[in-house]
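Protein chains in written order, with my numbering: chain A, 187 to 317; chain B, 15 to 289.
The C-beta atom is built at its ideal place from N, Cα and C for all residues, glycine as well.
Computed from a predicted model, the values in this text were never measured in an experiment.
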């Protein structure tokens with residue numbers, strides 16, 4: 187078997203290539219920000235002698251995170267980094283979907299919207315189970 | 015403090031192994047946390063899903079920049095893997111822990127067998143595509159044609175959708191990326207070159223993991239004290255693995271990994287059976 191790439195590309199592939207570069211930058215920088223936040227949290231955790239296995243897990247509260255960060259609590263940095271991390275792949279889908287829509291590719295834009303819809307259903311289902 | 019450092023080191027090991035062997039870290043992190051630290055399986059799965067997102071975002075950034083991953087195909091298939099993960103994330107809370115442990119042991123054996131049977135890519139290029147497929151110019155007729163990449167045509171899209179749905183389900187239940195299902199599906203069933211399939215799978219596993227990670231997050235199953243050190247370790251390990259890959263004999267590493275997987279499967283199976 188041999189691999190012989192064909193140089194010709196379609197307009198759809200050219201659009202995808204532009205979006206790939208945009209999505210790549212988002213993922214690369216987002217991961218760095220997320221890891222930096224988590225690293226600060228881990229260092230704070232180690233410095234304050236928290237044992238991750240035996241310590242009680244701090245509850246997740248989106249509203250409490252800014253206050254925890256302002257108070258230099260490790261949990262605030264950890265949660266902020268984890269939230270950025272979880273949002274990143276979604277950001278990639280949103281950016282790609284918007285790009286496909288701008289390029290007139292409605293089918294791929296619809297696919298992006300449906301992916302977001304599935305995530306939204308996950309959130310609603312989780313909140314429903316919680317309630 | 016010691017436990018935090020051990021978690022960090024475990025994450026580094028999972029990241030190094032994962033990047034050298036083309037796997038997400040989940041297959042190592044779940045046993046480390048359950049068998050090594052005695053954490054409940056659901057907590058381990060949740061932490062593992064976080065690590066899978068780290069691996070996916072870090073590697074997908076590189077693959078997309080180099081235009082190796084097929085963004086269009088990945089987005090279509092991840093709709094199905096995300097749907098599977100949604101179902102899996104909900105079902106995971108209904109199944110008894112020992113059933114999940116048994117399933118994980120079966121997955122470990124499957125991965126070990128896949129590792130034994132895997133052939134090394136040729137030294138002069140890993141992007142192998144059937145000659146007949148590569149000889150065709152990408153078409154623009156059907157929807158499937160719009161998913162073609164430069165030099166290859168995508169086919170059997172329904173099979174890919176089914177495979178992705180199953181991969182998402184397994185990912186959410188067991189906290190793994192699901193690349194072990196997605197890559198063969200795309201490469202062997204859909205005619206996607208191996209290198210592109212691997213890169214596209216890496217991109218997809220992020221969304222797959224997010225679909226179920228939000229369920230674990232909102233149900234209070236993600237412990238940031240455990241997830242934090244593990245995630246940072248996996249990130250560092252993946253970077254180390256990428257750098258040392260050219261100097262490591264992956265065949266030796268693979269056999270070592272098979273032994274570790276087999277032993278872990280035995281341990282996990284015993285736990286599932288309550289022995």
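query = At which residues does the alpha helix (DSSP H) containing residue 283 of chain A begin and terminate?
reply = Numbered from 1 along the first chain, position 97 holds the residue referred to as residue 283 of chain A. Note, residue 283 of chain A: alpha helix (DSSP H), 260–288.
request  = Could you work out which residues of chain A lie near residue 111 of chain B, taking near to mean beta carbons separated by less than 9 Å?
outcome  = Your numbering for residue 111 of chain B matches position 97 in the second chain. None at all; the shortest Cβ gap to chain A is about 18 Å.
query = By Cβ distance below 7 Å, which residues in the same chain neighbour residue 77 of chain B in space, the five residues on each side in sequence not counted?
reply = Residue mapping note: residue 77 of chain B aligns to position 63 of the second chain, counting from 1. Around residue 77 of chain B: 83, 213, 216 and 217.
key: Residues that residue 81 of chain B contacts on chain A, provided the C-beta gap is smaller than 7 Å   = By one-based count along the second chain, residue 81 of chain B stands at place 67. Ordered by position in chain A, the residues that pass the 7 Å Cβ test against residue 81 of chain B are 203 and 206.
key: Per DSSP, the bridge partner or partners of residue 193 of chain B   = For the purposes of this step, residue 193 of chain B is taken as residue 179 along the second chain, with counting starting at 1. According to DSSP, which records beta bridges pairwise, residue 193 of chain B is partnered with nothing at all.
ask   = Under 8 Å, do residue 98 of chain B and residue 179 of chain B count as touching if we go by C-beta distance?
value = For this step, residue 98 of chain B is matched to residue 84 along the second chain. For this step, residue 179 of chain B is matched to residue 165 along the second chain. The answer is yes: Cβ separation under 8 Å.
Closer than 8 Å at the beta carbon, the chain B residues around residue 245 of chain A = Position 59 of the first chain, counted from the first residue, corresponds to residue 245 of chain A. 234, listed in chain order.
Whole runs of the alpha helix (DSSP H) within the region 50–103 of chain B, excluding any shorter than 4 residues = 55–79
Chain A contact residues for residue 200 of chain B, given Cβ-Cβ distances below 9 Å = Taking the second chain and counting its residues from 1, one reaches residue 200 of chain B at position 186. Result: empty, since nearest Cβ-Cβ is about 16 Å, beyond 9 Å.
key: residue 16 of chain B versus residue 237 of chain A - alpha carbon distance   = Taking the first residue of the second chain as 1, we reach residue 16 of chain B at position 2. Taking the first residue of the first chain as 1, we reach residue 237 of chain A at position 51. So the two alpha carbons sit approximately 8 Å from each other.
ask   = residue 157 of chain B touches chain A at which residues, Cβ-Cβ below 7 Å?
value = Numbered from its first residue, the second chain carries residue 157 of chain B at position 143. Going along chain A in sequence order, the residues near residue 157 of chain B (Cβ under 7 Å) are 293.
message = Between the alpha carbons of residue 54 of chain B and residue 41 of chain B, how many angstroms are there, rounded?
response = Position 40 of the second chain, counted from the first residue, corresponds to residue 54 of chain B. Position 27 of the second chain, counted from the first residue, corresponds to residue 41 of chain B. Between residue 54 of chain B and residue 41 of chain B, the C-alpha separation is close to 16 Å.
key: Contact check, residue 254 of chain A vs residue 267 of chain A, beta carbons under 8 Å   = Residue mapping note: residue 254 of chain A aligns to position 68 of the first chain, counting from 1. Residue mapping note: residue 267 of chain A aligns to position 81 of the first chain, counting from 1. It is not a contact, given that the beta carbons lie outside the stated cut-off.
request  = Provide the residue span of the alpha helix (DSSP H) that contains residue 339 of chain B, from first to last.
outcome  = Lying before the first or after the last residue shown, residue 339 of chain B is absent from chain B, which here runs from 15 to 289.
key: Close beta carbons around residue 139 of chain B, own chain, < 6 Å, minus the five adjacent residues each side   = Numbered from its first residue, the second chain carries residue 139 of chain B at position 125. Caution is warranted here: a pLDDT of 42 is assigned to residue 139 of chain B, below 50, making its placement in the model unreliable, and the coordinate value is therefore given only provisionally. So no residue of the chain qualifies.
query = Could you give the residue range of the alpha helix (DSSP H) that holds residue 249 of chain B?
reply = Numbered from its first residue, the second chain carries residue 249 of chain B at position 235. That run of the alpha helix (DSSP H) goes 238–258.
request  = For the alpha helix (DSSP H) containing residue 225 of chain B, list its first residue and its last residue.
outcome  = The residue labelled residue 225 of chain B in the question sits at position 211 within the second chain. Start and end: 208–232.
ask   = By Cβ distance below 6 Å, which residues in the same chain neighbour residue 278 of chain B in space, the five residues on each side in sequence not counted?
value = The count along the second chain starts at 1 and reaches residue 278 of chain B at position 264. Correct list, in chain order: 45 and 122.
task = Under 7 Å between beta-carbons, which chain A residues line up against residue 191 of chain B? List them in chain order, please.
result = Working through the second chain from its first residue, we reach residue 191 of chain B at position 177. None at all; the shortest Cβ gap to chain A is about 12 Å.
Uninterrupted alpha helix (DSSP H) stretches inside the region 189–244 of chain A (no shorter than 4 residues) = 197–233
ask   = Distance, Cα to Cα, residue 200 of chain B vs residue 243 of chain B?
value = Stepping through the second chain from its first residue, residue 200 of chain B is reached at position 186. Stepping through the second chain from its first residue, residue 243 of chain B is reached at position 229. Whole-angstrom Cα-Cα distance: 33 Å.
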